[in-house]
Amino acid sequence: MFSTRLQCETCGNELELGAYFGPCPNCLKREIISEISVKYDYEAIKNVLSKEVLSKRSRIDLWRFGEFLPVENQKNELHLGDGCTPLIEARSLAKEFGIKRLYIKDESRNLTWSFKDRLACVGVARALDFGTKMITGLSTGNHGAASAAHASAAGLRSVIFTVPYIPKTMEIYMRMVGAMLVPIDLPEDKFGDYPYDILRTCVEKLNWYPLTAYTVPPATNAYAVEGYKTIGHEICEDLNWKSPDFVLFPTGQGDGFSKYWKGFSEMVTVGFVEDSPKMIAVQPTGASPLAEAVTHGLDVVPRIAAKSTVQFSTGVSSSSNEALKAIKISHGSVATVSDEEAISAQKNLGMKEGIFSEQSSASSVAALPSLIEKGIIDRDSTVVCVITSSGLKDTSVPENNLPHISPIRNNWSSFVDFLKTTYQYDIS
Ligand SMILES: [Zn+2]
Numbered sequence: 001m002f003s004t005r006l007q008c009e010t011c012g013n014e015l016e017l018g019a020y021f022g023p024c025p026n027c028l029k030r031e032i033i034s035e036i037s038v039k040y041d042y043e044a045i046k047n048v049l050s051k052e053v054l055s056k057r058s059r060i061d062l063w064r065f066g067e068f069l070p071v072e073n074q075k076n077e078l079h080l081g082d083g084c085t086p087l088i089e090a091r092s093l094a095k096e097f098g099i100k101r102l103y104i105k106d107e108s109r110n111l112t113w114s115f116k117d118r119l120a121c122v123g124v125a126r127a128l129d130f131g132t133k134m135i136t137g138l139s140t141g142n143h144g145a146a147s148a149a150h151a152s153a154a155g156l157r158s159v160i161f162t163v164p165y166i167p168k169t170m171e172i173y174m175r176m177v178g179a180m181l182v183p184i185d186l187p188e189d190k191f192g193d194y195p196y197d198i199l200r201t202c203v204e205k206l207n208w209y210p211l212t213a214y215t216v217p218p219a220t221n222a223y224a225v226e227g228y229k230t231i232g233h234e235i236c237e238d239l240n241w242k243s244p245d246f247v248l249f250p251t252g253q254g255d256g257f258s259k260y261w262k263g264f265s266e267m268v269t270v271g272f273v274e275d276s277p278k279m280i281a282v283q284p285t286g287a288s289p290l291a292e293a294v295t296h297g298l299d300v301v302p303r304i305a306a307k308s309t310v311q312f313s314t315g316v317s318s319s320s321n322e323a324l325k326a327i328k329i330s331h332g333s334v335a336t337v338s339d340e341e342a343i344s345a346q347k348n349l350g351m352k353e354g355i356f357s358e359q360s361s362a363s364s365v366a367a368l369p370s371l372i373e374k375g376i377i378d379r380d381s382t383v384v385c386v387i388t389s390s391g392l393k394d395t396s397v398p399e400n401n402l403p404h405i406s407p408i409r410n411n412w413s414s415f416v417d418f419l420k421t422t423y424q425y426d427i428s
């Protein structure tokens, strides 16, 4: 293992690599919520890992970048096909938007069809290091499905807390991969808030292992979120060891966003690429604390009253200061996307590139046209949009936006008429 210590991203306070999963205790005294991050001996990694060594490893899963992950016992690594997701050149969309090169990093190809599998894969492996028996967390779907599935595959149990208004498909998915799912009554106008009290008791009194924030968001399990970094590693490798100019990520609490940035930065640190991309966080209009911080030039992300959104996975009332830092250091930006724009991009992705993404996930593509128009992204750029989860997780919104169809009579004229009236396609 090449990880050495835990370190606060804000005050630099260091901790042993122990079973601690909360925010920085030092910053907490000053009522600041800071993420803790894992430190590595990058010189030691450089001594054993090179691009050549990597090229000889099979592209099966994220453990090909195992030197950058904080798991002590290699036997605990879960090989379930997480990571090594395709980087697809989206030629039709690039042409439509008038940019040189556009790629889609399709995270719906992971075990439970979302990028959260990277977190769960590394987080559960680390849980096995600690000898944990029970995984827990709060989720509206993707995170819970990933946590429960990886816990089950590792022979562990999981209790996942949720809210009552999640999509039915998410509920079924979580339960079918082993979650003991506990919905807690919370009104929808409290969107972005979660019930933390019970979870905190489970972690502090029962020693259950949290795969999400368990006190206050966005400070979360520092070991698990390291899994997200491999998105950055893989993009660099797939672009023949070059960073793209811009990467757009659908972003909620931002713990993922700061780790994607860490992944790209690590590739520079070990000398695999020369520079890192500009990072663009995409959040729903009206539920975008990062936009609030950037617009008002703040160093601390404010807590906002988030409105309800069909971009279910990214609508939040708080985001991490570390995500804001990543935007600033990388000379990146934040973009907001309305529900209408996200729904339209979701349809466009399916029609032009054959990818059925979640509404939230499609927001990375939805944000592109206005960023190009404003000159934030120039047309000569290489751009990567990350699609974080599959559209099959919540079909209610697309279902309402598609024209209704019902069976036709089994004859030619009914068929001709049906194509014309339903899809405006005339073969008569
Ligand atoms: Zn601190």
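Position 38, counted from 1, in the sequence shown is what the working numbering calls 38; the numbers after and before it change by one each time, with no gaps. Where is the CB? At the ideal position from N, CA and C, for every residue including glycine.
task = Alpha carbon to alpha carbon, how far is I376 from D460? Give it in angstroms, no decimals.
result = Nothing can be reported for residue 460: it is not among the residues displayed for the chain, which extend from 1 to 428.
Practice prompt. Could you check what DSSP says for Y423 in three-state terms: helix, strand or coil?
Written response: helix
Notebook entry, point to check: CB V159 to CB C202, shorter than 9 Å?
Noted result: yes
Q.
Using a Cβ-based criterion (distance less than 8 Å to any ligand heavy atom), does T220 qualify as near ligand 1?
A. no
Kindly indicate which residue of E67, L62, R91 has the alpha-carbon position closest to the one of H435.
The shown model of the chain, from 1 to 428, leaves out residue 435, and the question about it has no answer.
| Where does I235 sit, in a helix, a strand or coil, going by DSSP? | helix
- Would you say the segment 304–317 touches the segment 260–277, given that touching needs at least three Cβ pairs under 8 Å? Contact between the segment 304–317 and the segment 260–277 is absent, because fewer than three Cβ pairs lie under 8 Å.
Quick one, are the C-beta atoms of E171 and P70 less than 9 Å apart? no
| message | Bridge partners for D106 per DSSP, in chain order? | response | Paired residues: I387.
| message | Do F65 and K229 have their beta-carbon atoms positioned less than 9 Å apart in this structure? | response | yes
Taking 8 Å as the cut-off, is the CB of N13 close to at least one heavy atom of ligand 1?
yes
Open item on the list: ligand 1 and T314: does any heavy atom of the ligand fall closer than 8 Å to the residue's C-beta?
Closed with: Flag unset: Cβ of T314 not near ligand 1.
Notebook entry, point to check: Considering L138, what are the terminal residues of the alpha helix (DSSP H) in which it resides?
Noted result: Element bounds for L138: not the alpha helix (DSSP H) but the beta strand (DSSP E), 134–138.
Give the straight-line distance between the Cα atoms of C24 and A281, rounded to the nearest whole angstrom.
24 Å
Margin query: Using a 10 Å radius around the Cβ and a threshold of 16 neighbouring Cβ atoms, would you call E341 buried or exposed?
Written below: buried
Q | Cβ pair count under 8 Å reaching 3, the segment 118–127 against the segment 399–414 | A | no
Query raised in the report: Relative to the C-alpha of K328, which residue among A306, A293, Q7 is closest?
Result: A293
**Request:** Evaluate W113 with the Cβ neighbour count: other Cβ atoms within 10 Å of its Cβ, from every protein chain shown; 16 or more gives buried, anything less gives exposed.
**Result:** buried
### Query
Considering V247, what are the terminal residues of the beta strand (DSSP E) in which it resides?
246–250
| request: Give the straight-line distance between the Cα atoms of I231 and C84, rounded to the nearest whole angstrom. | output: 8 Å
Starting from R157, trace the beta strand (DSSP E) both ways and give me its first and last residue. 157–162
Contact under 9 Å by Cβ, I104 with R379
no
Notebook entry, point to check: Which of helix, strand or coil does DSSP assign to A19?
Noted result: coil
| query | Given F191, which residues of its chain have a CB within under 8 Å of its CB, disregarding the five upstream and five downstream residues? | reply | Model confidence at F191 stands at a pLDDT of 46, short of 50, so the residue's coordinates are unreliable; what they give is reported in the following sentence. Taken in chain order, the residues that qualify are A287, A306, K307, S308, T309, G315, S317.
Q.
For Y165 and L392, what's the separation of their Cα atoms in angstroms?
A. 17 Å
In whole angstroms, what is the alpha-carbon distance linking S320 and S258? 8 Å
Can you grab the Cα-Cα spacing for the pair S333 / L324, in whole Å?
9 Å
If you count every other CB in all the chains shown that lies within 10 Å of the CB of A44, and 16 or more means buried, which is it? exposed
Which residues mark the beginning and the end of the alpha helix (DSSP H) in which C27 is found? Looking at the DSSP string, the run of the alpha helix (DSSP H) that includes C27 is 25–29.
Query - Beta-carbon proximity list for M1, same chain, < 6 Å, skipping 5 on both sides - result: Hits under 6 Å: E72.
Judging by CA-CA distance, which residue of L17, H143, M174, G178 is the nearest neighbour of A154?
G178
(Q) I need the DSSP call for T336, collapsed to helix, strand or coil. (A) strand
**Close Cβ partners of R200 (< 7 Å) along its chain, the five nearest in sequence each way excluded** = Y214, T215
Taking the runs of the alpha helix (DSSP H) that are 4 residues or longer, which of them lie wholly in the segment 270–326? 289–295
request  = Return yes when the Cβ of F97 is within less than 9 Å of the Cβ of L368, no when it is not.
outcome  = yes
| said: Along the chain, where does the alpha helix (DSSP H) containing P398 start, and where does it finish? | reply: 396–401
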